[in-house]
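Heads up, the thing below is written out as structure tokens.
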Amino acid sequence: MSIFEKPQPQTLSEWLDIATKKLAAPTKKRIKGEIEAHYAQAMDDVLHNGSSESAASEAALAQLGDASLAARRFREHHLTEWESQIVQWSFKQARSVFAMALNCGIFAELALEQLPRRQNALIHYVYPLPYLVIEFLAMIALPTACFISARCIRRGTNMRLLLLMQSVSGFVVGLGLNQLFVRSPSQALFTMNVVMATFLCLRVVAIGAFALVVWNKLQLDRGAWSKPPPQDVALS
Amino acid sequence: VNNKGTLATLILQNLSRGSNHGYRIARDIKERSKGVLDFKEGTLYPALHGLEAKGLVVSHTAEENGRTRCYYKLTDKGRKALAAQKDQWLRFSGAISLVLQEAP
Chain S
31 MSIFEKPQPQ TLSEWLDIAT KKLAAPTKKR IKGEIEAHYA QAMDDVLHNG
81 SSESAASEAA LAQLGDASLA ARRFREHHLT EWESQIVQWS FKQARSVFAM
131 ALNCGIFAEL ALEQLPRRQN ALIHYVYPLP YLVIEFLAMI ALPTACFISA
181 RCIRRGTNMR LLLLMQSVSG FVVGLGLNQL FVRSPSQALF TMNVVMATFL
231 CLRVVAIGAF ALVVWNKLQL DRGAWSKPPP QDVALS
Chain D
-15 VNNKGTLATL ILQNLSRGSN HGYRIARDIK ERSKGVLDFK EGTLYPALHG
35 LEAKGLVVSH TAEENGRTRC YYKLTDKGRK ALAAQKDQWL RFSGAISLVL
85 QEAP
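As you go down the protein sequences, you meet chains S and D in turn.
For the first sequence, this note's numbering begins at 31 and goes up steadily by one.
For the second sequence, this note's numbering begins at -15 and goes up steadily by one.
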């Protein structure tokens, strides 16, 4: 055997360990159940033909084929542990009362900046009204839609839509937009605007791209984000 | 069998006769093709899960001989996809046959 060749699994447990590597715990559990039932029936069929138990086990395992290939194919359709954690974090963020309150507070502060009595303040906006409307959408309307969706609908939450809404909402987006609309009296503030705008674009692209990557996976692993995965999924 | 394309069509065809579980789907395909279409059964499940992700099949668990099995059933969307894939395959294989049967 070459040093580059991976050792082949000798038992079903080893095969399952490889095939379900990096997948989220509930998915591991599902695949384990299906493959174990498949393997047991395959063994029964071989034993029925008069083979020994070890020969039956070997034949059933050989019939399953390459575990690494199966793992790659499973990862195309199921959330990995890492993706599952991001989705869960995103869902948690959408449900967070603190995040919602923070959005409202920051929006209120930004809106107050527009009051006539504070027009002599240091910061001025290029288009105050469109700015406020966009900020309202990003910091109040969309987060509220996410909040209601995550709080009230729970397992039935449309996680795809929620992720897309989150990519363009929240206080990070609000503060980024703030920098886009602010009139820049100094070079330092202009540089900060550019940095914040870049950060805003990266955030929107990153979360949006993530939503598209896991689009089909979310259909299959529906509801995986609303309950914590089991602590121990032993593949024995 | 090209697992990413042909196997999916074969699975949909098998499920068009009624709901079935992975082991029996694999056996049916091998038996009906008289062993010509041989594939490793470990790749059958990712293919089934892929079809489920696309909404072409739905799954449910049921007991069979004391074992919990995951059964798959074709959806209306899956039925339409199967019809389209069969049509495409028949046209393709017919065209290849026409070319191969051409007299030298």
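Backbone N, C-alpha and C fix where the C-beta goes; we use that ideal spot for every residue, glycine too.
Since this is a predicted model, take the numbers as computed values, not measurements.
Backbone CA spacing between residue i and residue j [nearest angstrom]
| i | j | result |
| --- | --- | --- |
| S:L109 | S:A97 | 18 Å |
| S:L205 | S:M226 | 8 Å |
| S:D47 | S:E113 | 19 Å |
| D:N(-2) | S:I237 | 39 Å |
| D:L84 | S:H107 | 38 Å |
| S:Q115 | D:R16 | 43 Å |
| S:R60 | S:R125 | 27 Å |
| S:K62 | S:L53 | 12 Å |
| D:G34 | S:T221 | 47 Å |
| S:V243 | S:V235 | 12 Å |
Residue i (DSSP reduced to helix, strand or coil)
| i | result |
| --- | --- |
| D:K90 | With chain D covering only -15 through 88, there is no way to say anything about residue 90 of chain D. |
| S:Y157 | coil |
| D:E47 | strand |
| D:H113 | Nothing can be reported for residue 113 of chain D, as the shown portion of chain D is limited to -15 through 88. |
| S:A264 | No answer about S:A264 holds up, because its pLDDT of 39 lies below 50 and its placement is not dependable. |
| D:R53 | strand |
| D:N(-13) | With a pLDDT of 46 at D:N(-13), under the threshold of 50, the modelled position of this residue cannot be trusted; read the value that follows with caution. Note: D:N(-13) maps to coil in three-state DSSP. |
| S:T174 | helix |
Residue i vs residue j beta-carbon contact at 9 Å
| i | j | result |
| --- | --- | --- |
| D:S43 | D:K57 | yes |
| D:T(-10) | D:K70 | no |
| D:P30 | S:R252 | no |
| S:L99 | D:A37 | no |
Partners in chain S for residue i, counting only beta-carbon separations shorter than 7 Å
| i | result |
| --- | --- |
| D:K64 | Those do not exist, as D:K64 stays about 17 Å from chain S at its closest Cβ, beyond 7 Å. |
Chain-ordered chain S contacts of residue i [CB-CB under 9 Å]
| i | result |
| --- | --- |
| D:T(-7) | Ordered by position in chain S, no residue passes the 9 Å Cβ test against D:T(-7), which lies about 16 Å from the chain. |
| D:A46 | What D:A46 touches in chain S: nothing, since even the nearest Cβ is about 11 Å away. |
| D:K24 | A92, Q93, L94, G95, D96, L99 and A100 |
Partner residues on chain D for residue i, Cβ-Cβ distance less than 9 Å
| i | result |
| --- | --- |
| S:F104 | Y29, P30 and H33 |
| S:Q40 | Chain D residues near S:Q40: none, gap ~15 Å exceeds 9 Å. |
| S:K247 | A37 |
| S:H108 | P30, H33 and A37 |
Amino acids of chain D, ordered along the chain, whose beta-carbon sits closer than 8 Å to that of residue i
| i | result |
| --- | --- |
| S:K52 | What S:K52 touches in chain D: nothing, since even the nearest Cβ is about 14 Å away. |
| S:K59 | Under the 8 Å cutoff, chain D gives no residues; its nearest Cβ is about 12 Å from S:K59. |
| S:D47 | Neighbours of S:D47 on chain D: none; closest Cβ ~13 Å, over 8 Å. |
| S:A72 | Y7 and E25 |
Chain D residues whose Cβ lies nearer than 7 Å to that of residue i
| i | result |
| --- | --- |
| S:E64 | G6, Y29 and C54 |
| S:L250 | H33, E36 and A37 |
| S:H68 | G6, Y7 and E25 |
Cβ of residue i within 9 Å of any chain C Cβ
| i | result |
| --- | --- |
| D:E15 | The chain labelled as chain C is not found among the protein chains of the depicted structure, namely S and D. |
Exercise. Counting Cβ pairs, one atom from each stretch, are 3 or more of them under 8 Å apart for the segment 38 to 52 of chain S and the segment 80 to 94 of chain S?
Worked result: Taking a cut-off of 8 Å for Cβ pairs, the segment 38 to 52 of chain S and the segment 80 to 94 of chain S touch, as three or more such pairs fall below it.
Exercise. Can you find at least 3 beta carbon pairs, one from the segment 187 to 195 of chain S and one from the segment 116 to 127 of chain S, that sit closer than 8 Å?
Worked result: Three or more Cβ pairs closer than 8 Å define a contact, and the segment 187 to 195 of chain S meets that threshold against the segment 116 to 127 of chain S.
For this session: Please confirm if the segment 70 to 79 of chain D is in contact with the segment 18 to 27 of chain D, defined as three or more CB-CB distances below 8 Å between the two stretches.
Result: Cβ pair count under 8 Å is below three, so no.
For this session: Examine the Cβ distances between the segment -1 to 12 of chain D and the segment 62 to 81 of chain S and report whether three or more of them are shorter than 8 Å.
Result: These segments touch.
Exercise. Taking contact to mean at least 3 C-beta pairs separated by less than 8 Å, is the segment 125 to 136 of chain S in contact with the segment 165 to 180 of chain S?
Worked result: Touching, yes.
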